[in-house]
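As structure tokens, the structure follows; a few thoughts come after it.
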Amino acid sequence: MKRKGVAALLMMLLCSSGIVKAQEFLEISVQSGKPGAEIRPEMWGVFFEDINFAADGGIYAELVKNRSFEFELPMTGWRAASRQNGNGRMVPNFYSPFRQSNPHFMRIYIDPSFGSFAVANEGFRGMGIRKDAQYSLSVSARLSENSDIKMTADLITPSGEVIGKSELTGFSGDWKSHRIAIAASADEQKAQLRITFSGRGSLDIDMVSLFPEDTWKGRRNGLRKDIVQMIADLKPGFVRFPGGCIVEGRNLLNRYQWKTTVGPVEERRMIMNRWNVEIGSRQAPDYYQSFGLGFFEYFLLAEDMGAEPLPILNCGMSCQFNAAEVVPLEELDPYIQDAFDLIEFANGEVTTKWGGLRAEMGHPGKFNLKFLGVGNEQWDEQYIERYKVFEKALKSKYPEIKLVSGSGPYSAGRYFEYGWNELKKLNPDLVDEHYYMPPEWFLKNATRYDNYDRKGIRVFAGEYAAHGKEGTEPESRNTWWSALCEAAFMTGLERNADIVNMASYAPLLAHVDAWQWRPDLIWFDNLTTIGTPNYYVQKFFSNYSGKNVVPVTSGGKNITGQEGIYASSTIDPKAGKLYIKIVNSTDMPRPVTLVLGPLQYAKTATKETLASGNRDAFNSIADPRAIYPSATQVKVAGRKIIDEAGPLSVNVFIIDFKAR
Ligand code: AHR
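Take the sequence shown: its letters are residues 797 to 1456, numbered as in this note's numbering.
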């Protein structure tokens, strides 16, 4: 007998014995004939921040760490790998002040007695190499006078076995970029790149870069395909970038400045990643931002996925949890100018300075930027004063751009209320709310937006996640319970889509060997990417989003946790699809009768379910489908569906009807 059958039989026996009270059918009325508020196409999006090695070491497919020797300790990631004849040496911190954004390079000396010398790069917690895949190694190099040097590049396993090899010769006295291909003969999670120099004299090297040739959309030196695919499968309505606190910086010097992230990669000025020493128990001093994934690439990524780009800019404040620096109001002009120039970069004609750069980078077409965030998670008077200056300037020059303001890091309380009250006197299009709260908070807050002012400013639920516990505690994992509670809460977001116009789980990505913050939506190692239960919950909502909210009630009331059940419904009238989401937060199955409105329905519907009897269950690289959606067919009898929401389950009923 199948597991489900055993469970049903057991339940019958328990019910008939009186040990467990049989659950009554819950009659749910779905007024599919009366579609309500519009659900914005950008409703369910993603929050991208370079935290947890999300960019370098993650989605940005570069395999070499510290490719340009610009880390504070220039040999970080590199080591002398072997000396045959004992004759080589390297001097890593040559400094050429003319190359302002990338002044350091490495000089390799080989003894005239024709020895050889090798250096190796360890990658980002190793390099993920796939059998039969092609890799592209590029090196910028310059040969000194009277030198003759050949380079051999090997991909090696931790035990030193060579799984890919290629040679490079033909260096000259001028800086020149060279490229060779390397074919890999084996899968390796923790490979390294070893470069052996042989001959005599000295060679300067810089921008040592190794990429898989098979990247997202086949772009040279592009993004890691498996991770982007996972994000694209969410069909996100927007991509928020580049964060998060990374926008603010630990101090202003370390803030995110979009202009240093565009143009040729070798000219993008690398800085430390603010998350490298932020979390005491998860220090990562080797965490920097190469900006190979910069603003151009973010725009492109959003465009690839049919999502609205939502850049967030620094508003003249560094992180208030760190240095809390603020720029005097009368000195905000360069920050405002950055915002103007960004709009020109995205939407300007190619004849303008920044629109021209976009074209030069390969995208003459406009990116159609519609939203712009002013500040990330700032609070109090200092933020409001600065936001006002931005709003005035931006609304007068670019009234068509929707401005996203913030309500700070807290879901309620003094700063939250002060922020909202002040913003109500102004003109932001959306207010960004953040909540990293315990799972039960999400259950209780399924009604959070039911009483928001229907005519007020719209909400962007810009960062949220159910946190069992913080830090490295096991409960901080992406457990099934956390995902289920988020689903219950999201029925409230969906029901209130007239108020909540955008929402994103945060953070999006984390490397299993290099994370700072947990939980996160998608996890990866150097070869594999997995979705968390929270990911599949997000996918349910974004893939089955619908175009209008449909009232869904029981006993005339919204279903917001009575007897542990939560529900919402949406419709896509043109596509002829009705979606009903039901979350059962109890350990008991709940029989339901769905009474639908007067439309012509297909005779069977699909029910997709996420469920587990174990609240603490989570997905891992070893067991990526511990919690995974399953689909069943259910009967539609006239306008009724009689079915059930299993214990601890999130369900979406997908019902086809004849479109008008
Ligand atoms: O998502 C992680 C961090 O949480 C973000 O950087 C910040 O905005 C929030 O505090």
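The C-beta atom is built at its ideal place from N, Cα and C for all residues, glycine as well.
Exercise for review: Please determine, among W1313, I1437, L1395, the residue with the shortest C-alpha to C-alpha distance to M849.
Suggested key: It is worth fixing the name first, because residue 849 is Phe in this sequence and not Met. With distances taken between CA atoms, F849 lies nearest to W1313 out of W1313, I1437, L1395.
Practice item. Note down, in chain order, each residue of its chain lying with its Cβ closer than 6 Å to the Cβ of R1182, except the 5 sequence neighbours on either side. Key: Once the five neighbours on either side are set aside, the close Cβ partners of R1182 are C1111, G1112.
**Study point:** Alpha carbon of P1224 to alpha carbon of G1393, nearest angstrom
**Key:** For P1224 and G1393, the distance between alpha carbons rounds to 37 Å.
Check your understanding: Taking the DSSP output, what are the residues bridged to H1307?
Key -> F1320.
Check your understanding: With respect to 7 Å, is the separation between the Cβ of P1443 and the closest non-hydrogen atom of ligand 1 below this value?
Key -> Between ligand 1 and the CB of P1443, the shortest heavy atom gap is not smaller than 7 Å.
Check your understanding: Quick one: is N1172 buried, meaning 16 or more other Cβ sit within 10 Å of its Cβ, or exposed?
Key -> Buried, because 16 or more other Cβ atoms sit within 10 Å of the Cβ of N1172.
**Study point:** 8 Å Cβ cutoff met for E1404 and I1376
**Key:** Result no, Cβ atoms of E1404 and I1376 do not sit closer than 8 Å.
Review point. Should the region 817 to 830 be regarded as contacting the region 985 to 993, the criterion being three or more beta carbon pairs within less than 8 Å?
Key: These segments do not touch.
Review point. Looking at the structure shown, is Y1232 part of a helix, part of a strand, or coil, going by DSSP?
Key: In the structure shown, Y1232 sits in a strand (DSSP, three-state: E or B).
Practice item. Just the C-alpha distance for R990 and K1149, rounded to the nearest angstrom, thanks. Key: Distance between the alpha carbons of R990 and K1149 is about 42 Å.
Exercise for review: Within the same chain, show all residues whose beta-carbon is closer than 6 Å to that of R1154, passing over the 5 residues directly before and after it, in chain order.
Suggested key: Contacts found: F1141.
Exercise for review: Would you mind sorting K1198 into buried or exposed? The rule is 16 or more other CB atoms within 10 Å of its CB.
Suggested key: Taking every protein chain shown into account, the CB of K1198 has 16 or more other CB atoms within 10 angstroms, so this residue is buried.
Point to revise | Chain-order list of residues whose beta-carbon lies under 6 Å from that of S981 (same chain, five-residue window excluded) | key: The beta carbon of S981 lies closer than 6 Å to those of I959 in the same chain, with the five residues before and after it left out.
**Study point:** Helix, strand or coil at F1453 according to DSSP, with G and I counted as helix
**Key:** Looking at F1453 - three-state DSSP - the assignment turns out to be strand.
Practice item. State buried or exposed for L939, treating a residue as buried only when at least 16 other CB atoms are found within 10 Å of its CB. Key: Buried, by the Cβ-count rule.
Check your understanding: Using 8 Å as the threshold, is the region 1228 to 1236 in touch with the region 1341 to 1349, meaning 3 or more CB pairs across them?
Key -> Short answer: they don't touch.
**Study point:** Rounded straight-line distance, which links the Cα of E963 to that of Q930
**Key:** Rounded to whole angstroms, Q930 to E963 spans 15 Å at the Cα level.
Check your understanding: Using 8 Å as the Cβ pair cut-off and three pairs as the minimum, do the region 1284 to 1296 and the region 1418 to 1436 touch?
Key -> The region 1284 to 1296 and the region 1418 to 1436 do not touch, with fewer than 3 CB-CB distances between them shorter than 8 Å.
Review point. Hey, which unbroken runs of the beta strand (DSSP E) at 3 residues or more fall wholly within the region 1046 to 1116?
Key: Within the region 1046 to 1116, the complete beta strand (DSSP E) runs of at least 3 residues are 1104 to 1109.
Exercise for review: Could you give the DSSP three-state label for P1224: helix, strand or coil?
Suggested key: In the structure shown, P1224 sits in coil (DSSP, three-state: anything other than H, G, I, E or B).
Review point. Out of curiosity, what's the CA-to-CA distance linking T1428 and T1402?
Key: Near 6 Å, if we compare the C-alpha coordinates of T1402 and T1428.
Check your understanding: Roughly how many whole angstroms lie between the Cα atoms of A1261 and Q1085?
Key -> Their Cα atoms are separated by approximately 25 Å.
Practice item. Alpha carbon to alpha carbon, how far is A979 from T1356? Give it in angstroms, no decimals. Key: If I take the Cα positions, the gap works out to 56 Å.
**Study point:** G1040 CB to nearest heavy atom of ligand 1 below 7 Å
**Key:** Taken from the Cβ of G1040, at least one heavy atom of ligand 1 lies inside 7 Å.
Check your understanding: Which term fits I1318, buried or exposed, when burial requires 16 or more other beta carbons within 10 angstroms of its beta carbon?
Key -> By the neighbour-count rule (16 or more Cβ atoms within 10 Å), I1318 is buried.
Practice item. Could you check how far apart the C-beta atoms of A1208 and F1238 are, in whole angstroms? I think they sit under 8 Å. Key: In fact, because the Cβ distance is near 14 Å, the residues do not count as touching under 8 Å.
Point to revise | Segments of 3+ residues assigned as beta strand (DSSP E) that fall wholly inside the region 948 to 985 | key: With a minimum length of 3 residues, the continuous beta strand (DSSP E) runs that stay inside the region 948 to 985 are 958 to 964, 972 to 979.
**Study point:** Supposed contact pair M902 and I1001 - C-beta distance, whole angstroms, cut 8 Å
**Key:** Rounded to whole angstroms, the Cβ separation of I1001 and M902 is 5 Å, and the two are in contact under 8 Å.
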